[in-house]
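Novice: The structure follows.
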Amino acid sequence: MQLCSVCTEETPKYRCPACKIRHCSLICYKKHKDPWTVDDLLHEDDIIDKVSMDRLQLLGQSKELQELLCNPHLRQLLCSIDNAESKDHAMKAAMQEPLFVEFSDCCLKIVDQDDNFNDE
């Protein structure tokens with residue numbers, strides 16, 4: 001039986017029209033849609049690994065990444081990581097999945113692009 005991707009407590013009855021995650025109520029839908037920033041996720045010690053907003057926005061423009069995200073297995077993996085109590089453990093488990101490794105590599109390739117790549 002599936003659980004709500006937001007609260008992980010109730011049976012989902014609805015899908016987000018944008019990302020298709022399943023949720024159980026208007027409360028969970030609003031919680032899912034609440035805006036957040038990268039700064040909300042980072043601690044002071046993580047600043048060295050921070051990716052600029054410009055770089056993150058490149059992820060949304062990538063056709064390759066969009067194609068990967070069409071895979072329901074990958075979307076389920078991402079939801080399970082997001083909903084996991086131990087994100088560390090969930091990430092380690094996900095990194096055993098070739099599809100997730102492909103997704104991670106694609107994301108890193110996009111955000112690590114050299115600005116001068118096209119100038120050469």
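Residues in the sequence shown are numbered consecutively from 1, following UniProt numbering.
Beta carbons: idealized from backbone N, C-alpha and C, even for Gly.
#1: Using only alpha-carbon positions, find the residue among R15, L78 and I110 that is nearest to L65.
#2: Am I right that P12 and L3 are in contact with their C-beta atoms under 8 Å? What's the rounded C-beta distance?
#3: Tell me where the alpha helix (DSSP H) around M91 begins and ends.
#4: Would you mind stating whether L74 and F100 have Cβ atoms separated by less than 8 Å?
#5: For the putative contact between T8 and N71, defined by C-beta atoms under 8 Å, what is the C-beta separation to the nearest angstrom?
Specialist: Let me lay it out:
#1: I110
#2: 7 Å
#3: K87 to A94
#4: yes
#5: Not confirmed; about 22 Å, so no contact.
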